[in-house]
Structures are given as C-alpha cells and as structure tokens.
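Chains as they are written, first to last, in numbering that gives the first Met the number 0: chain A, 0 to 152; chain B, 0 to 152. Positions of the beta carbon are idealized from the N, C-alpha and C atoms, including for glycine. Since the model is a prediction, treat every value here as computed from it, not as a measurement. What follows is a single structure, written as structure tokens, with notes after it.
2 protein chains.
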Amino acid sequence: MDIEQPSHFRPSKGDFRWEAVAHQPYKQDGSAPFKDISRQVLFHEDSLGCELRYFEMDAGGYSTLERHEHSHAVMILRGQGDCLLGDEVYPVKQFDLVTIPSWTWHQFRATAGEPLGFLCMVNVVRDRPQLPTEEEFTRLMATPAIARFLERS
Amino acid sequence: MDIEQPSHFRPSKGDFRWEAVAHQPYKQDGSAPFKDISRQVLFHEDSLGCELRYFEMDAGGYSTLERHEHSHAVMILRGQGDCLLGDEVYPVKQFDLVTIPSWTWHQFRATAGEPLGFLCMVNVVRDRPQLPTEEEFTRLMATPAIARFLERS
Chain A
0 MDIEQPSHFR PSKGDFRWEA VAHQPYKQDG SAPFKDISRQ VLFHEDSLGC ELRYFEMDAG
60 GYSTLERHEH SHAVMILRGQ GDCLLGDEVY PVKQFDLVTI PSWTWHQFRA TAGEPLGFLC
120 MVNVVRDRPQ LPTEEEFTRL MATPAIARFL ERS
Chain B
0 MDIEQPSHFR PSKGDFRWEA VAHQPYKQDG SAPFKDISRQ VLFHEDSLGC ELRYFEMDAG
60 GYSTLERHEH SHAVMILRGQ GDCLLGDEVY PVKQFDLVTI PSWTWHQFRA TAGEPLGFLC
120 MVNVVRDRPQ LPTEEEFTRL MATPAIARFL ERS
C-alpha cells in the first residue's frame, strides 16, 4: 500500500518533503471532492496506535469536505488559509491547532495565494469519511459565511 | 493536572506558544537528569488514543536520557541540535523525523547555540521511563561518539 517502512531517522529534504516518505499527489477529475492536495504518511506504527500525516494544498486547493466518527488533531505546518469546522470558518496560519471532533463537517482551503500544509494525527483504526448529501450541502450553503468559504478558491 | 481542556481552535501566539496551552518549564536542581526544557501538551484526547506534546530546550539544554517500552514519534519543529538514539548520534534540524522504538536509550540536546524544539506523539497509555543505572551509563560512555554527545552542552 502507501506506507513506507520507516527507518529511525528520516531527515527533512526541505520544501516539506522527507527521506523515505512517499509523496502521494491526488489527481482530481471534474467530480473529485478535493483539489490540488497531496498526502505524506510521516508515522504509521501499530505500537503507537496513531498515524501522523502531512497534507498539503497548492494555492487555491482544498481538502475533501467530510465528516466521520473518528476525531482529528491538526497543526498547520505551512502557510495560511481557511478552515471550516462545524458552523465556523477560521483563518489559520502556521502552528495553529485545530481539533476536529466526531461527526463535524470540516474542510481546509488554501485561500491565501500560497500553499497550505498541515499535520493530522489520527488513530490507526478509524471509520471511513462521509461526504455531504445534496440535502446536507444545501443546509451548509444556507449559512452565508460557509457559502462564501465553500465558493472560494 | 497539567492538561488544559482544549477548545477546537487554538491559534499559535508566535514563539512556539499557543492559546489555551499550559507552558510547563521544568525546574532542575543538581541531580535533575534534564536541563532547561519545557513541555506543552498540544493535544490529549482519549478518543484519539494519542497525545501530541511540544518539548523545547534552551541553547545548551537537554531532555532526560531514558528508555521505556512505549515508542515515540518525533518531528523537530524548531532549531537544530543532536539526538542520541540507541548507539547512534544524529544531527537534527527543523522537520526531521525520529522514531524512538521500544527500550531504546534516547536524549535530545540543543547543541547548536539555539533552542531546539520537537513534537512528540505518544499513546495515552504508556509505561514510565527508566533512567540508566550506573552500569548502563558506564556502558553508554564506553562508545566514544556517545561519550562526546553526553558531555556536550
């Protein structure tokens, strides 16, 4: 699969890439619910019970709008942008911390004309994300701040 | 205890401090096995099963030389320095990744005349660290590279 066997010391190569860490750019087509985002699994160890991943969007890119039972712990590592969390939109910048609770809609957007990258800590065992139904999307769009967020690029 | 109730969005205040995150400087006396180090628990959620902590040493400071059954996943977040891991000493810099396996002696040292800070991901449930016995310390010191590391400040 997509998980590298880690050595104990994996230096940064600069530009938010690492030795022995696979860089997985996501391709999008017209129907994809994300845009210009890549994923790198920095740590995956069953003995720890958790993974640490690094996601990065190009300027104008965004992560999938989704929710799930498992929670996420996020630290912005690069750049700035915006984050939808439940009914709130937060401007985010390097080193800000975002906790994504169970069943909370969330999306990150690189709205500042620069890449936006974040660390995401999750449990190794987790449920699959849900995408919004048409009805749920309509409900989200009824909040003006969320509609403005979802229409940005 | 030392764990803040997290809000969902906790911005960075700059200088590696965060809103609503307690900064815990460790005091040392003559017998302390660490020097000039502080700890901030960024995430602690039982639903995640993991914690993410940020440790920072002042220039010349160091973390405890220890080992334990649980493993650590570390990302250097600030500055540079050196890291002892088992029988190896690695120079470390911002964003380098270090995996600390079970029962492996480890210590971080801010040897570069600047602060050294790192993220450390651990399981919420973990055993207490062991310090080296006099005999184990003597064995470590028998390796010249480790002796040079342990005598630096």
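- In the displayed model, A/Thr137 falls within a helix according to three-state DSSP.
- By the Cβ rule, the segment 103-111 of chain B counts as touching the segment 51-65 of chain B, because three or more pairs are nearer than 8 Å.
- Bridge partners of B/Trp17 according to DSSP: B/Ser11.
- With a threshold of 16 other beta carbon atoms within 10 Å, B/Leu130 falls short and is exposed.
- Cα atoms of B/Asp14 and B/Phe54: separation of roughly 13 Å, rounded to the nearest angstrom.
- When 7 Å is used as the limit between beta carbons, B/Gly48 is near these residues of chain A: Gly48, Cys49 and Asn122, in chain order.
- The segment 39-46 of chain A and the segment 85-95 of chain A do not touch, with fewer than three beta-carbon pairs separated by less than 8 Å.
- If one requires a minimum length of 3 residues, the beta strand (DSSP E) runs lying completely within the segment 30-62 of chain A are 34-44 and 49-61, in chain order.
- Residue contact check for A/Pro10 against chain B: a CB pair falls below 8 Å.
- Secondary structure at B/Ala144: helix, using DSSP grouped into helix, strand and coil.
- Scanning its chain for C-beta atoms nearer than 6 Å, with the 5 sequence neighbours on each side dropped, one finds around A/Pro100 the residues Ser70, in chain order.
- Any Cβ of chain B closer than 8 Å to the Cβ of A/Leu41 would place that residue at the interface, and such an atom is present.
- Non-local beta-carbon contacts of B/Arg147 in its own chain, meaning distances under 6 Å to residues more than five positions away in sequence, are absent.
- A residue is called buried once 16 or more other Cβ atoms fall within 10 Å of its Cβ, and B/Arg77 is buried on that count.
- Residue burial is scored here from C-beta neighbours: B/Gln106 has at least 16 other C-beta atoms within 10 angstroms and is therefore classed as buried.
- A residue is called buried when at least 16 other Cβ atoms come within 10 angstroms of its Cβ; A/Thr137 does not meet this threshold and is exposed.
- The C-beta of A/Lys34 comes no closer than 8 Å to any C-beta of chain B.
- Taking CB atoms only, B/Pro100 has a neighbour in chain A less than 8 Å away.
- In this structure, A/Phe117 sits near A/Ile75, with a CB-CB distance shorter than 8 Å.
- Contact check for A/Leu51 and A/Gly80: beta-carbon distance about 20 Å, past the 8 Å limit, so the pair fails to qualify.
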